[in-house]
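One structure is given below, encoded as structure tokens.
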Amino acid sequence: MEHSAEYTNSTVGLNTPAKSSIVYSELCGIEQLINNGGLNMNHLRMDYLANAILAFAHAFKRLHVELCEGQGQRCHVQFQNEINGDMILRHLSNASFTGIHGEKITFDVHGEPKPRYSLMNYVKDGDSYRWREVGQFNFQEGESQLDLHSEIVFKEHIRRLPKSECSTSCLSGEVRILTKDGDRRCCWSCAPCEVNEFMKDAYTCEKCDVGTKPNVTQSGCVAIEPIYLSYENPWAIVNMIIASCGICATLVVIGIFYLNKNTTIVKASGGTLNFILLFGVLLSYAVTFILVAKPTGFTCAVSRLIPGLCYTFSYAPVFTKTHRISKLFNKRSFGRHSKDITEKWTVFLTCLLIFVQVPIVGIWLHFDPPGTTLQYNDYQTTVLICKGAGDFSYLIGLAYPFVLILFCTLYAIQSRNIPNVFSESRYIAFTMYSTCVIWLAFIPVYMVTLSNIPLRVTSICITLGLDASVTLGMLFGPKAYVILFRQDHNQRDYFLQKTMEFSQKVTAHQMNSKLGKHGSHSSLSFDSVAQNKASTPVHSRN
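If you read the sequence shown in the numbering used here, its first letter stands for residue 23, the second for the next number, and so on.
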């Protein structure tokens, strides 16, 4: 206190009321000290203390007014035993006055004063350092006020604002990994969440549910928009181009055969069976447009039914054709009339073989109704597919056609040595060999494409298209060529000649067999037998 009084007296030239042996001039009050320009409160850094004292002074004044109610200045003495801290705090919270620098000082409902800070900058001044006020921060009447009246100088006279943090902010999708000292939450390292995770909070990553993925900022999860094979897909476009070319070629062949349906080569090759087979070829190409469409209940049902029927319509006629040819030219039954080689019987047998596929597919559809489902290939992709397209159940519809293909191949091998005029048997054999190769390639591809539905559907379309193209090219290409460019081979006489040549070979074989059994005294006439066998041409049995 003596030091303060001495400082005040030496600075201002006034005497302060203090117990001291030092004799000063006249006494002075606090107003004189404050109003006198020689007392620099900022220099003493006592302005906060002064404002605090003023706050209590105003609080006591309000308390005095409340207790005395105009009874005099010393009336509070009689209430001094009743005065407590809560009463003072209540009036202190409601205090509102002007500070020593003229600023308005108030308290909020919690008794906290409005923040007011002096911004001090520690700067180098010559060979020493000193504190320099560069601004003030005040919060008055709901608004913050920052007043910088001097430029802030940082390290080595750098005026750019430096960073003052032990850790930088994490980027979007990154969580904080605290340092070893877990209590110091202001220091961390950043680690990214996985591609299928979102930020549960600033410190935790959590996986999204199946069918959802993190949003752009990885702050939450959003539903994955399903993708599906559609007409805009490159795989679908390629398949549709191939199918369109096949459909056009098939329609041309159908037109050629229809316009020449009464010619010898068309009748000899099966007549009505040709058109059933061509319908199967046409269906094999056309089903591509269903398989590559957006999966719906209808398209899923059709995609189960049609592929098997395509093969059934294609290979049921081939089976009856090979059976018919085998019956016609079997060396043990050559020349014998049999009802199962007539055209009506072969058409009936073909329809019967086709009908077998219907209950198989019907039972399958009953126990496993068609529909759509979602396949989750990875964390970012959801594919809309038909039920069963993601497993091996579609092979159920191809089981019966596979049996037909197997029997057709066996018949084709048996009938491969038919005379040149009936070279269709060799073409059938080539067709069946090619079909077996295609299927041997298709099944492994179908097995390994569980997670790639577009590729799996493409494999089915390509298999159907290749089989249809082989059938169209091998079985109908040569006949169309003869119809259009070799009219001499499409005559009855040409067929009779080739048939007679074959019948003579067959008769000779039969004669040799019988002579070997009965000896050289057999009464059979080779010429008469050969002539008798040749009298019934094959084409007349259609």
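Note that the Cβ used here is the ideal one computed from N, Cα and C, for glycine as well.
Same chain, Cβ closer than 6 Å to residue i, neighbours up to 5 away in sequence not counted
{"i": "Cys483", "result": "Asn261, Thr310, Leu313"}
{"i": "Asn282", "result": "Val288, Ile505"}
{"i": "Ser166", "result": "none"}
{"i": "Leu387", "result": "none"}
Residue i vs residue j beta-carbon contact at 7 Å
{"i": "Tyr333", "j": "Pro423", "result": "yes"}
{"i": "Thr272", "j": "Leu304", "result": "yes"}
{"i": "Gln397", "j": "Gly419", "result": "no"}
{"i": "Asp489", "j": "Ile460", "result": "yes"}
{"i": "Phe129", "j": "Pro135", "result": "yes"}
{"i": "Tyr139", "j": "Trp153", "result": "no"}
{"i": "Gly302", "j": "Phe335", "result": "yes"}
{"i": "Phe370", "j": "Phe429", "result": "no"}
{"i": "Phe452", "j": "Val275", "result": "no"}
{"i": "Leu168", "j": "Phe159", "result": "yes"}
{"i": "Gly157", "j": "Leu141", "result": "yes"}
{"i": "Pro236", "j": "Cys322", "result": "no"}
{"i": "Trp257", "j": "Thr404", "result": "no"}
{"i": "Ser191", "j": "Met221", "result": "no"}
{"i": "Tyr401", "j": "Asn218", "result": "yes"}
{"i": "Ser22", "j": "Ile347", "result": "Past the boundaries of the shown model lies residue 22; the chain is included only from 23 to 564, so the question cannot be answered."}
{"i": "Leu85", "j": "His113", "result": "yes"}
{"i": "Thr234", "j": "Ala245", "result": "yes"}
{"i": "Ile328", "j": "Gly487", "result": "no"}
Burial state of residue i, where buried means 16 or more other Cβ atoms lie within 10 Å
{"i": "Ala81", "result": "buried"}
{"i": "Lys501", "result": "buried"}
{"i": "Met496", "result": "buried"}
{"i": "Ile435", "result": "exposed"}
{"i": "Arg508", "result": "exposed"}
{"i": "Met454", "result": "buried"}
{"i": "Ala375", "result": "It is worth fixing the name first, because residue 375 is Leu in this sequence and not Ala. Under this definition Leu375 is a buried residue."}
{"i": "Val425", "result": "exposed"}
{"i": "Ala117", "result": "buried"}
{"i": "Lys185", "result": "exposed"}
Identity of the residues DSSP links to residue i by a beta bridge
{"i": "Asp223", "result": "Thr226"}
{"i": "Ile199", "result": "Ser211"}
{"i": "Met142", "result": "Glu155"}
{"i": "Leu406", "result": "Leu396"}
{"i": "Lys126", "result": "Thr120"}
{"i": "Ala583", "result": "Only positions 23 to 564 of the chain appear in this structure, which leaves residue 583 out of reach."}
{"i": "Lys235", "result": "Val244"}
{"i": "Thr161", "result": "Checking the sequence, you will find Phe at residue 161 rather than Thr. Partner(s): Ser166."}
{"i": "Pro135", "result": "Phe129"}
{"i": "Ile249", "result": "Val405"}
Proximity to residue i [Cα-Cα], best of the options
{"i": "Gly330", "options": "Arg448, Phe377, Thr368", "result": "Phe377"}
{"i": "Leu251", "options": "Pro466, Thr394, Gly495", "result": "Thr394"}
{"i": "Glu198", "options": "Cys215, Glu187, Cys243", "result": "Contrary to the premise, residue 198 reads as Arg rather than Glu in this sequence. Ranking the options by Cα distance to Arg198, first place goes to Cys215."}
{"i": "Asn73", "options": "Lys83, Glu104, Glu91, His123", "result": "His123"}
{"i": "Ala338", "options": "Ala323, Arg326, Thr321, Leu300", "result": "Leu300"}
{"i": "Thr457", "options": "Thr485, Thr471, Ile174", "result": "Thr485"}
{"i": "Ser211", "options": "Asn218, Val217, Leu193", "result": "Leu193"}
{"i": "Leu472", "options": "Glu365, Arg448, Tyr70, Cys408", "result": "Cys408"}
{"i": "Gly277", "options": "Leu462, Phe297, Cys227, Lys185", "result": "Phe297"}
{"i": "His132", "options": "Phe119, Ser115, Asp147", "result": "Ser115"}
{"i": "Thr239", "options": "Cys227, Pro248, Asp231", "result": "Cys227"}
Proximal residues to residue i (C-beta, below 8 Å), its chain only, five neighbours per side dropped
{"i": "Ile269", "result": "Leu304, Tyr307, Ala308"}
Own chain, CB closer than 7 Å to residue i, minus 5 neighbours either side, in chain order
{"i": "Ser415", "result": "Asp390"}
{"i": "Lys316", "result": "Tyr250, Ser252"}
C-beta neighbour in chain E for residue i, strict 7 Å
{"i": "Ile105", "result": "Here there is only one protein chain, and chain E is not present."}
Near the ligand SAM: residue i beta-carbon under 6 Å from a heavy atom
{"i": "Leu426", "result": "Absence of the ligand SAM is noted for the structure shown, with no ligands found whatsoever."}
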